[in-house]
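Enquirer:
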Amino acid sequence: MKKIFTTVILACAAACQVFACTNFIVTRGASKSGACLVSYSADSHVLYGELYHYPAATHEKGAMRKVYEWDSKKFLGEIPEPEETYNVIGNMNEHALAIGETTFGGRHELHDTLGLLDYGSLIYITLQRAKTVREAIKTIANLIEKHGYCSEGESFSIADPNEAWIFEMVGKSSREVKNAKGKPFAKGAVWVAVRIPDGYVSGHANQARIQTFPLADGKKSITAKQMNKNFPPSAEVVYADDVIEFARACGYFSGADKDFSFSDTYNPVDFGGARFCDARVWSFFKDVNDEMQPYLDYAMGHNLKRRMPLYVKPNRKLGVDDIAAAMRDHYEDTPMNMRTDVGAGAYACPYRWRPMSWELDSIGYIHERATATQQTGFWFVAESRAPRTGGVLWFGVDDAATSCLTPIFSCSTEAPKCFAVGNGDMLTYSPTAAFWLFNRVTNFAYSRYDAMSADIIKVQRELEEESLEVVDLAIRQAQELPSPDQQAAMLTELSVSRAEKLMARWQQLDAYLLVKYIDGNIKKEKDGAFERTVNGACPMPAQPQLPEKFRRIIVNDNGETLKEWKAEN
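Numbering of the sequence shown is given in the numbering used here, commencing with residue 129 and proceeding in unit increments.
1. Name the DSSP bridge partner or partners of A120?
2. What are the boundary residues of the alpha helix (DSSP H) that includes G331?
3. Do G327 and A158 have their C-beta atoms within less than 8 Å of each other?
4. To the nearest angstrom, report how far apart F284 and Y367 are at their CA atoms.
5. Look up W522 in the DSSP assignment and say whether it is helix, strand or coil.
6. So E628 is in the alpha helix (DSSP H); what residue range does that whole segment cover?
7. Comparing C-alpha positions only, which one of R156, S167 and S161 sits nearest to T150?
8. Are the beta-carbon atoms of Y439 and S330 separated by less than 8 Å?
9. Return the bridge partner residues of T501 from the DSSP annotation.
10. Going by the DSSP bridge assignment, what does F284 pair with across the sheet?
11. For the alpha helix (DSSP H) that G248 lies in, which residues bound it at each end?
12. Do you know how far the Cα of G190 is from the Cα of I207?
13. Please specify which runs of the beta strand (DSSP E), each continuous and at least 3 residues long, are wholly inside the segment 309 to 351, giving them in chain order.
14. Would you say K300 and G316 are within 8 Å of each other, going by their C-beta atoms?
15. Quick check: the Cα distance between R376 and E304, rounded to an integer number of angstroms?
16. Ignore the nearest five residues each way along the sequence and tell me which others in Q421's own chain have a CB closer than 8 Å to its CB.
17. Exposed or buried, what is S625 when buried is set at 16 or more other beta-carbons lying within 10 Å of its beta-carbon?
18. Pull up the CB-CB distance for Y182 and G505, whole angstroms please, since I reckon it's below 8 Å.
19. DSSP three-state label for Y475, please.
20. Could you have a look at I682 and say whether DSSP puts it in helix, strand or coil?
21. Just to confirm, does L521 get its C-beta within under 7 Å of one of the non-hydrogen atoms of the ligand MN?
22. Pick from K274, I294 and L204: whose alpha carbon is nearest that of V154?
23. Quick check on Y479: buried or exposed, where buried means 16 or more other Cβ atoms within 10 Å of its Cβ?
24. If you compare alpha carbons, which of E696, A452, F381 and P463 is closest to L533?
25. With DSSP run on the structure shown, which of helix, strand or coil describes W198?
26. Who are the Cβ neighbours of F381 in its own chain at under 8 Å, not counting the five residues just before and after it?
27. For a test of the three-state rule: what should DSSP assign to G401, helix, strand or coil?
28. What number of angstroms, rounded off, separates the C-alpha of S172 from the C-alpha of P610?
29. Suppose you measure from the CA of N649 to the CA of T530; what does that come to, to the nearest Å?
30. Quick one: is K266 buried, meaning 16 or more other Cβ sit within 10 Å of its Cβ, or exposed?
31. Closest to S362 by C-alpha separation, out of I338, D398 and R323, would be which residue?
32. Do you know how far the Cα of Y247 is from the Cα of C477?
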């Protein structure tokens with residue numbers, strides 16, 4: 129029995145190492161600025177943190193777009209270009225439409241290797257073609273129906289200045305599946321999209337979250353065919369016409385239509401889905417809602433029947449700073465706190481190097497997978513206030529807990545050099561790339577996390593608080609300019625200058641930390657400078673001993689060898 133349990137743990141952990149992103153969603157009625165917010169951490173051990181840019185363009189009739197798989201860069205094929213495409217910077221376009229994602233995998237036999245569009249390409253193609261959430265949902269649905277979908281199960285967060293939705297889908301397999309009449313299902317994917325009610329927050333983290341949903345009534349809930357004819361403002365749910373029929377044909381579901389659950393059918397929750405994935409959403413929910421404690425046993429994987437709600441009402445209005453804080457979570461103040469057990473080392477490091485699962489005496493154990501993680505390529509909080517001047521992509525690279533967000537306006541016509549595509553890669557160091565600078569600082573901090581992270585957070589807060597003030601003023605100033613081109617020029621310049629200031633300040637921080645903490649010492653400071661003797665030399669630095677807990681561990685392990693002996697005369 130122990131061996132079986134271990135095997136399950138290992139399988140769950142392996143899946144979540146691959147599918148490792150986090151999204152939180154805030155509707156405008158729940159936000160301080162009246163904007164919809166979407167956060168996203170693109171977490172991968174092989175993803176290089178950079179800022180993609182697709183300029184607005186017009187295309188001649190018959191023009192084709194080459195499609196490359198986002199993860200592998202493999203060429204997948206071509207699709208027709210529309211007459212016009214919009215400016216896209218990162219995961220946000222000039223209309224303040226933002227899209228994030230997390231991969232849940234689902235039933236792996238449904239992976240369609242013959243489809244033309246993967247989840248990453250789908251995001252950026254959609255951002256170039258849609259102005260609103262509803263246009264984005266239609267665009268995604270129609271693209272995959274026409275060209276096929278070649279990724280596994282995916283949850284998308286889609287927001288514009290007015291509303292935010294969760295859109296979940298999974299492929300239909302490379303093999304032919306036939307319906308009850310013996311006809312094959314159309315290619316593409318099965319999916320469902322749900323609007324998050326205004327005033328509420330939601331999130332997803334590599335586990336499908338949509339369970340049962342109201343069936344089509346032509347008003348609040350509609351099918352894809354109805355959506356293509358009319359997508360009324362009253363609609364709060366839309367789904368693929370065959371989402372239930374396909375599940376029946378595959379043998380996944382046999383109950384009444386009203387009892388159909390997308391998550392339970394296409395991505396049944398297991399220990400890993402709760403502990404490694406949904407626990408991140410629970411940790412966000414518990415910080416903004418006072419009624420989440422009863423779901424702790426679910427988050428820990430102990431009671432899989434007590435699923436969390438798809439969305440909750442926060443106990444306060446939330447801002448960019450609040451969502452950034454949520455993205456920096458290590459399960460502090462929970463039984464899963466990663467900074468308190470012996471695995472954190474003597475200096476409370478909240479990270480465990482992979483693999484996430486391990487075995488001792490035929491018993492399986494795990495390391496936690498919190499929202500903040502060491503393998504983040506890039507992350508952001510997208511703030512959708514209004515089209516053009518009111519779209520702000522708060523962008524950062526590397527570990528969210530010890531990196532810093534900087535504002536990139538969604539109408540920006542260029543990416544700052546420190547984030548630009550081509551400035552280094554995962555195998556090429558670049559001294560001018562933010563990704564490498566932030567990794568230098570953060571990886572050094574892991575060696576003495578309790579002290580160094582505090583120094584990093586001081587600078588992080590200094591820059592982010594300043595940027596929040598700068599952005600509010602810049603939006604007001606840009607709105608007074610007479611033309612969109614002038615607005616874009618001003619906000620592009622501001623985006624670039626803030627990124628350059630971030631780089632300069634982080635380079636100072638890099639040097640400061642090296643000087644202060646070199647060789648395990650901690651140099652003393654006074655009045656904002658390192659102390660010197662009267663002769664200008666370096667005084668003896670502080671050398672704090674290991675905490676008692678770790679001294680006892682050393683003694684229990686090798687105390688007889690290390691014991692100090694008094695020599696006899």
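Cβ atoms here follow ideal geometry from the backbone N, Cα and C, with glycine treated the same way. Predicted model, so just to flag it, every value in this text is computed and none were measured.
Expert: Let's see:
1. As displayed, the chain neither begins before 129 nor continues past 697, which places residue 120 out of reach and without an answer.
2. That residue, G331, is in no alpha helix (DSSP H); its beta strand (DSSP E) goes V329 to H332.
3. Yes.
4. Y367 has its alpha-carbon roughly 14 Å from the corresponding atom of F284.
5. DSSP places W522 in strand when its eight states are reduced to three.
6. P612 to Y645 is the span of the alpha helix (DSSP H), which, as asked, contains E628.
7. The shortest Cα separation from T150 among R156, S167 and S161 belongs to S167.
8. Taking 8 Å as the cut-off, the Cβ atoms of Y439 and S330 count as close.
9. Note: T501 is not bridge-paired with any residue in the DSSP secondary-structure output.
10. In the DSSP secondary-structure assignment, F284 is bridged to E229 and F295.
11. Per DSSP, G248 belongs to the alpha helix (DSSP H) from Y247 to R257.
12. Straight-line spacing of the CA atoms in I207 and G190 works out to 10 Å.
13. Listed in chain order, the beta strand (DSSP E) runs fully inside the segment 309 to 351 are 317 to 323, 329 to 332 and 349 to 351, counting runs of at least 3 residues.
14. In this structure, K300 sits near G316, with a CB-CB distance shorter than 8 Å.
15. Spanning the two alpha carbons is a distance of roughly 14 Å.
16. Only K414 meet the Cβ criterion.
17. S625 sits exposed, since fewer than 16 C-beta atoms from the chains shown fall within 10 Å of its C-beta.
18. Wrong, their Cβ atoms sit about 18 Å apart, outside the cutoff.
19. It is coil, neither helix nor strand.
20. Reduced to three states, the DSSP call for I682 is helix.
21. With respect to the ligand MN, the structure offers nothing, as it holds no ligand at all.
22. The shortest Cα separation from V154 among K274, I294 and L204 belongs to I294.
23. Within 10 angstroms of the beta-carbon of Y479 lie 16 or more other beta-carbons, which makes it buried.
24. Just measuring C-alpha positions, the residue of E696, A452, F381 and P463 sitting nearest L533 is A452.
25. Correct three-state label for W198: coil.
26. Here F381 has I372, A375, F388 and T393 as same chain residues with Cβ atoms under 8 Å from its own Cβ, once five neighbours each way along the sequence are excluded.
27. Assignment of G401 by DSSP, reduced to helix, strand and coil, places it in the helix class.
28. One C-alpha to the other measures close to 43 Å.
29. One C-alpha to the other measures close to 21 Å.
30. Buried, by the Cβ-count rule.
31. Comparing Cα-Cα distances from S362 to each of I338, D398 and R323, the minimum goes to R323.
32. If you draw a straight line from the Cα of C477 to the Cα of Y247, it is about 33 Å long.
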